[in-house]
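See below for the structure under consideration.
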Amino acid sequence: MITEEKAYDILALDNNATPEEIIARYQSLKDQYKKIKEETADLKTQLAYQLKQIELDDVFIYFRNCQRI
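Quick note, the working numbering runs 11 ahead of the 1-based positions in the sequence shown.
What follows is the structure, given as structure tokens:
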């Protein structure tokens, strides 16, 4: 389960981040993880980055439900 503290840690942002900063960081990390996942041939790495993408989506949903974005 995602908590507020964990959500900010995952995004590497402080709790004073604006909604725009949260969305920008989410999209940036999502793009980075997708690129790494697509460029690697190692299945473990692909799965690890798939999990990171899911975690980012959970953070996005958490903030959306809290109406911070």
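Glycine included, C-beta positions come from ideal geometry on N, C-alpha and C.
Remark: C-beta atoms of Leu40 and Ile33 do not approach each other more closely than 8 Å.
The continuous alpha helix (DSSP H) containing Ala18 extends over residues 15 to 22.
Taking Lys46 as reference, the option from Glu16, Ile65, Tyr60 with the minimal CA-CA separation is Tyr60. Counting along the chain, no alpha helix (DSSP H) covers Asn26, and no H or E run does either.
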